[in-house]
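In the numbering used here, the protein residues as written are 37 to 506.
The beta carbon of each residue, even a glycine, is placed where N, CA and C say it ideally should be.
Everything on this sheet refers to the single structure shown next.
Right, dumping it as structure tokens:
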């Protein structure tokens with residue numbers, strides 16, 4: 037049978053209409069590549085705090101030929117360096133062939149995720165049950181966190197300055213912890229409340245024990261028993277919690293999702309999905325024309341403040357220190373530089389479709405999503421990328437055969453969200469957001485598509501290695 041001749045309208049439609057591809061069209065070979073890449077990603081997801089990510093990344097960098105940055109040293113093209121900022125954020129770079137005065141290629145992701153941080157004085161006993169008090173970190177739906185198995189992560193700094201690392205609840209032999217919820221039989225009044233009030237912040241207390249210390253002279257027998265267990269195992273007293281960074285996170289392990297194993301379910305994929313893609317693109321970017329700078333930053337979920345967040349000067353200080361060895365001014369580097377703010381976006385969820393503009397949202401398996409702007413309402417608190425910057429990224433991805441899409445977080449008046457883009461672009465750096473679509477974002481168990489994570493890696497690597505400027 038002869039092939040049907042396309043009508044004039046069909047030809048025009050193919051020429052003029054925007055069409056986003058589904059990664060499935062790339063076939064089994066691509067799917068297998070994405071599967072292989074994401075085995076490494078699943079291992080990376082077991083690092084559930086920013087400190088754990090840094091501890092994971094530094095040996096990987098050293099094995100890949102990176103050395104610690106030395107102030108005042110002139111590096112040759114192809115050399116790879118890193119700068120560890122307080123063990124909670126890190127910068128890694130590959131020196132380009134071109135003078136740094138012609139600009140750098142920046143990829144920025146964050147490595148913190150919503151969680152339950154401990155209060156400074158966390159331990160208490162009530163009706164012969166011991167608890168830790170928490171203060172939630174970042175944007176969460178509080179009602180999602182009760183009745184979820186939790187693990188404890190972080191460090192405690194003792195009086196003598198020693199740091200004690202804590203990870204409890206990740207091994208099968210470990211105990212886990214949880215926040216309790218009210219049984220439905222007694223929850224008639226609770227269920228009448230708005231979702232934001234069903235569970236309050238002060239009710240997010242973590243159960244840590246119920247067995248009493250045998251001593252009739254003690255009033256808080258369960259608390260004392262738990263305090264003694266903690267002291268015997270870790271050398272920590274109650275006063276040491278004052279100088280601690282401890283949190284509770286879901287104890288779930290990363291797992292394949294779906295009969296086809298095309299997705300990953302895990303805590304913390306915002307923004308581990310982009311961070312891992314960013315790391316691997318940086319490591320695999322050999323001999324770039326322009327110097328590449330990859331940042332993994334802290335505190336994005338709470339505003340990027342503090343010395344390890346991108347609202348500080350640590351990135352600009354690093355670039356200035358690097359440029360000073362070549363007698364180049366920081367401002368001259370920045371005006372010629374470009375940045376991919378690699379952060380996730382919300383994936384369209386048909387169960388809640390009324391919250392999305394279907395022509396301007398992101399879909400699973402359609403590749404990384406370009407977000408020209410974020411923010412809320414009338415584009416408040418956001419970077420808004422220039423047409424030239426978006427066009428440049430489009431050109432790179434199209435020439436590299438990368439499937440990509442565009443998307444906003446959701447309908448305009450439904451809310452909004454931000455990334456680190458505005459903190460980088462405020463230093464005169466052309467910046468645009470590019471990231472992986474996520475289902476159930478900011479929940480204890482987020483879902484991504486493997487193809488999107490892999491395609492983001494390819495996109496960042498292509499950006500790093502692209503030989504031309506705008």
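Label residue 417 either buried or exposed according to how many other C-beta atoms from any shown protein chain fall within 10 Å of its C-beta, with 16 as the threshold for buried.
It is exposed - the Cβ of residue 417 has fewer than 16 other Cβ atoms within 10 Å.
Are residue 401 and residue 487 close, meaning C-beta to C-beta below 9 Å?
Yes, Cβ-Cβ distance for residue 401 and residue 487 is below 9 Å.
Hey, does residue 265 have any beta-carbon neighbour from chain D nearer than 9 Å?
Chain labels in this structure do not include chain D; a single protein chain is all it has.
Specify the secondary structure class of residue 538 as computed by DSSP and reduced to three states.
Only positions 37 to 506 of the chain appear in the structure, and residue 538 is not among them; the question remains open.
I'd like to know whether the C-beta atoms of residue 105 and residue 357 end up nearer to each other than 9 Å.
Closer than 9 Å, so yes.
Closest residue to residue 452 among 266, 411, 463, 442 (Cα-Cα distance)
Out of 266, 411, 463, 442, the CA that lies nearest to the CA of residue 452 is found in 411.
Residue 179 versus residue 367 - alpha carbon distance:
Distance from the CA of residue 179 to the CA of residue 367, rounded to the nearest whole angstrom, comes to 47 Å.
With burial defined as no fewer than 16 other Cβ atoms inside 10 Å of the residue's Cβ, what is the status of residue 51: buried or exposed?
By the C-beta density criterion, residue 51 is exposed, having fewer than 16 other C-beta atoms within 10 angstroms.
So, helix, strand or coil for residue 253, using DSSP?
DSSP, read as helix, strand or coil, puts residue 253 in coil.
Helix, strand or coil at residue 270 [DSSP, three-state]
Looking at residue 270 - three-state DSSP - the assignment turns out to be helix.
Quick check on residue 314: does DSSP put it in helix, strand or coil?
It is helical.
Starting from the Cα of residue 117, find the closest Cα among 103, 91, 374 and give me that residue.
Per the Cα distances, 103.
Whole-angstrom distance between residue 316 and residue 390, CA atom to CA atom:
Answer to the nearest angstrom: the Cα atoms are 36 Å apart.
Going along the chain, which unbroken runs of the alpha helix (DSSP H) with 4 or more residues stay wholly within the stretch 328–401?
Listed in chain order, the complete alpha helix (DSSP H) runs (minimum 4 residues) inside the stretch 328–401 are 350–360, 366–371.
For residue 425, three-class secondary structure by DSSP:
Note: residue 425 maps to helix in three-state DSSP.
Assign residue 146 to one of three DSSP states: helix, strand, or coil.
In the three-state reduction of the DSSP assignment, residue 146 falls in the strand class.
Quick one: residues in its chain with C-beta nearer than 6 Å to the C-beta of residue 432, no 5 flanking neighbours on either side, listed in chain order?
So the list reads 498, 499, 502, once near-sequence residues are dropped.
According to the Cβ coordinates, are residue 146 and residue 285 closer than 9 Å?
Between residue 146 and residue 285, the C-beta spacing is not below 9 Å.
Reducing DSSP to helix, strand and coil, say where residue 70 ends up.
In the structure shown, residue 70 falls within a helical segment according to DSSP collapsed to helix, strand and coil.
Out of 422, 246, 396, 211, which has the shortest C-alpha to C-alpha gap to residue 461?
Looking at the Cα atoms, 422 is the closest of the given residues.
Please state the DSSP three-state secondary structure of residue 460.
Three-state DSSP puts residue 460 in a helix.
Spatial distance of residue 513 from residue 112 (CA atoms)
Summary: the structure shown does not reach residue 513, with the chain confined to residues 37 through 506, and so no result is reported for it.
Buried or exposed: which applies to residue 255, given that a residue is buried once 16 or more other Cβ atoms fall within 10 Å of its Cβ?
Counting Cβ neighbours within 10 Å, residue 255 comes out exposed, since fewer than 16 surround it.
Return the chain-ordered ranges of every beta strand (DSSP E) run that is complete within the stretch 467–505 and spans a minimum of 3 residues.
Uninterrupted beta strand (DSSP E) stretches at least 3 residues long and entirely within the stretch 467–505 occur at 482–485, given in chain order.
Starting from residue 92, trace the alpha helix (DSSP H) in both directions and tell me its first and last residue.
Element bounds for residue 92: 86–99.
Rounded to whole angstroms, what's the CA-CA distance from residue 174 to residue 372? Just pull it up for me.
For residue 174 and residue 372, the distance between alpha carbons rounds to 33 Å.
Between the alpha carbons of residue 272 and residue 307, how many angstroms are there, rounded?
So the alpha carbons of these two residues sit roughly 32 Å apart.
Of the residues 296, 480, 458, 359, the one placed nearest residue 522, counting alpha carbons only:
This structure gives no information on residue 522, because the portion of the chain shown stretches from 37 to 506.
DSSP three-state call for residue 221: helix, strand or coil?
In the displayed model, residue 221 falls within a helix according to three-state DSSP.
Rounded to whole angstroms, what's the CA-CA distance from residue 62 to residue 428? Just pull it up for me.
Cα atoms of residue 62 and residue 428: separation of roughly 24 Å, rounded to the nearest angstrom.
Straight-line gap, residue 426 to residue 93 (C-alpha atoms, nearest Å):
About 30 Å.
Among 160, 90, 283, the one whose alpha carbon lies nearest that of residue 262:
Of 160, 90, 283, the residue nearest in Cα terms is 160.
For residue 398 and residue 445, I'd like the C-alpha separation in whole angstroms.
When rounded, the distance between both Cα atoms is 8 Å.
Residue span of the beta strand (DSSP E) that contains residue 46, given as start and end:
Careful: residue 46 lies outside any beta strand (DSSP E), inside the alpha helix (DSSP H) at 44–52.
For residue 41 and residue 48, the rounded distance between their alpha carbons:
So the alpha carbons of these two residues sit roughly 14 Å apart.
Would residue 351 pass as a contact of residue 156 if the rule is Cβ separation under 9 Å?
Cβ atoms of residue 351 and residue 156: not closer than 9 Å.
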